[in-house]
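Residue numbers (the working numbering): 2 to 250. Some notes on the structure that comes next.
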């Protein structure tokens, strides 16, 4: 109600009830597979003196380290290279689509090549906060074990370019070799649920909550797709100790 004027003609002061305290913002939606990594480059040298583009996939295994395929880093003669990359490799962590907001972007500044399994662990220019890295499998996989695949590879066996969204699929371990696994898709394969070109380095992992998990194997050959029969992927347990030394060394 408006108060009557005081003698000087000014209205009397009205007491306004205090505003309610601000409500906390709702928690962000849970991230899905936030450890996934998309690696892209636009300046890979070619023998003719030009440059080309290329892409790989990977996964975060420590705040500043990603596991991917070794052949993603090479010289002009396609020989694997360690140390400082010979071209710029951008890494985007934690997106499901290129158009998604958020995620984390860094560049590869150091490459460590494994002597087995065409695998590399690469150091990022900055650590990735707020993402739980995948653990490294230390035990031998079991026949029949269920694994999930994720990657940013091509959606065509002939038009080779990275996908604009994360692909994923479900597999089971069919055969265990000395350094590799043979895995079988749970459903008929398509370009959306199985590895293709530029999926090299993509993780095969276990996860109970879509946010954390264990890295069991990686794509290390970027096959044609959809590949008939089983996929052969590189075991992590046989190089887990080596990976840990690179990260902590």
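Heads up, the beta-carbon is just placed ideally off N, CA and C, and yes, glycines get one too.
- Scanning the region 128 to 214 from its first residue to its last, no whole alpha helix (DSSP H) run of 4-plus residues comes out.
- One Cα belongs to residue 248, the other to residue 151, and the distance between them is close to 23 Å.
- Here residue 53 is exposed: its Cβ has fewer than 16 other Cβ atoms, across all protein chains shown, within 10 Å.
- Relative to the Cα of residue 117, the nearest Cα in the group 250, 237, 40 belongs to 237.
- Looking at the DSSP output, residue 120 sits in a beta bridge with 70.
- Counted as a single uninterrupted DSSP element, the alpha helix (DSSP H) harbouring residue 246 occupies residues 241 to 249.
- The C-alpha of residue 113 is placed about 14 Å away from the C-alpha of residue 80.
- Rounded to whole angstroms, the Cβ separation of residue 224 and residue 197 is 7 Å, and the two are in contact under 8 Å.
- Going by DSSP, residue 46 is part of the beta strand (DSSP E) stretching over 37 to 46.
- Annotation: the continuous beta strand (DSSP E) that includes residue 114 extends over 105 to 114.
- Apart from the 5 residues on each side of it in sequence, residue 190 sits with its Cβ closer than 6 Å to the Cβ of 227 in its chain, given in chain order.
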